[in-house]
């Protein structure tokens, strides 16, 4: 297994019992292949992590939007906590490289599948909760999800921004936008990426994020605002 110290640095949490972290990285396919009763997969952690994450995000939404209705809060939570967003959070940790997968999943690029990354992300949050309690989980989730909650409240997920801008560019200019990585800043365990969005060589948006894709989200959002201003 990859160096778990590096993963803990990326997460921003140091486990008291690293065995909890290790279990959160065991995909069911790996445990099934090994047929070893000592090897437990992350499915039970995933179950707990799903509930724990909903609780923490609900708490954050109540704090952030004190005047929002129950329906609005439910919509924001559903738009923030879902498979694509969890998979993107997992990618920001480079979680896929640390997973233990069976040969079948390994052969079908399971480390890049949104479904596997999202499930493992929930298992990871459960491991943090079991290791450090609610306060530890709250601190980690708040740091990670506050930008996602803010982006969701502005109206679109990162995939909606990118697809909507690409549709606009293809319809208007018959070309496809490109994203250029400009820089990577900050400490290795918590980097910030800078991305520029270009159309026909011209910069339309600049974005910062904890992963390249989140930076692309912000760049696409800026680009959409730019073209909407011009219309």
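Numbering (the working numbering), first residue to last: 858 to 1088. The beta carbon of each residue, even a glycine, is placed where N, CA and C say it ideally should be.
Exercise. Are the Cβ atoms of residue 940 and residue 975 separated by less than 7 Å?
Worked result: Counting from one through the chain shown, the residue named residue 940 turns up at place 83. Counting from one through the chain shown, the residue named residue 975 turns up at place 118. Yes, Cβ-Cβ distance for residue 940 and residue 975 is below 7 Å.
For this session: Measure the C-alpha to C-alpha separation of residue 1018 and residue 1049 and round it to an integer number of angstroms.
Result: By 1-based counting over the chain shown, the position of residue 1018 is 161. By 1-based counting over the chain shown, the position of residue 1049 is 192. When rounded, the distance between both Cα atoms is 20 Å.
Problem set entry | Extent of the continuous alpha helix (DSSP H) to which residue 986 belongs | Mapped onto the chain shown, residue 986 falls at position 129. Where residue 986 is concerned, the enclosing alpha helix (DSSP H) stretches over 971-1010.
Exercise. Is it true that the CB of residue 936 sits closer than 7 Å to the CB of residue 971?
Worked result: By 1-based counting over the chain shown, the position of residue 971 is 114. By 1-based counting over the chain shown, the position of residue 936 is 79. No; because the gap between Cβ atoms is not below 7 Å, this pair is not in contact.
For this session: Could you say if the region 867-881 and the region 986-997 meet the contact criterion of at least three C-beta pairs nearer than 8 Å?
Result: Three or more pairs of CB atoms, one per stretch, sit closer than 8 Å, so the region 867-881 contacts the region 986-997.
Exercise. When the Cβ atoms of the region 919-935 are set against those of the region 858-869, are three or more pairs found closer than 8 Å?
Worked result: Between the region 919-935 and the region 858-869 there are fewer than three C-beta pairs closer than 8 Å, too few to call the two in contact.
For this session: Below 6 Å CB to CB, which residues in the same chain sit around residue 1053 once its five sequence neighbours on both sides are set aside?
Result: Position 196 of the chain shown, counting from 1, holds the residue named residue 1053. Within the same chain, residue 1053 has close Cβ partners 1037, 1039, 1060 and 1063.
Exercise. On the three-state DSSP scale, how would you describe residue 922?
Worked result: By 1-based counting over the chain shown, the position of residue 922 is 65. In the structure shown, residue 922 falls within a coil segment according to DSSP collapsed to helix, strand and coil.
For this session: To the nearest angstrom, report how far apart residue 982 and residue 963 are at their CA atoms.
Result: Taking the first residue of the chain shown as position 1, residue 982 is located at position 125. Taking the first residue of the chain shown as position 1, residue 963 is located at position 106. Computed Cα separation, rounded: 23 Å.
Exercise. Going straight from the alpha carbon of residue 1041 to that of residue 1003, what length do you get?
Worked result: The residue labelled residue 1041 in the question sits at position 184 within the chain shown. The residue labelled residue 1003 in the question sits at position 146 within the chain shown. Linking residue 1041 to residue 1003 through their CA atoms gives a straight-line distance of about 21 Å.
Exercise. Grouping DSSP H, G and I as helix and E and B as strand, with all else coil, what is residue 1073?
Worked result: Locating residue 1073 in the chain shown gives position 216, where the first residue counts as 1. DSSP places residue 1073 in helix when its eight states are reduced to three.
Problem set entry | Three-state secondary structure (DSSP) of residue 870 | In the chain shown, residue 870 corresponds to position 13, counting from 1. Three-state DSSP puts residue 870 in coil, outside helix and strand.
Exercise. What are the boundary residues of the beta strand (DSSP E) that includes residue 1031?
Worked result: Against the chain shown, residue 1031 aligns to sequence position 174. First-last for residue 1031: undefined, no H or E at that position.
Exercise. With DSSP run on the structure shown, which of helix, strand or coil describes residue 1050?
Worked result: Numbered from 1 along the chain shown, position 193 holds the residue referred to as residue 1050. Residue 1050: strand per DSSP, three-state reduction.
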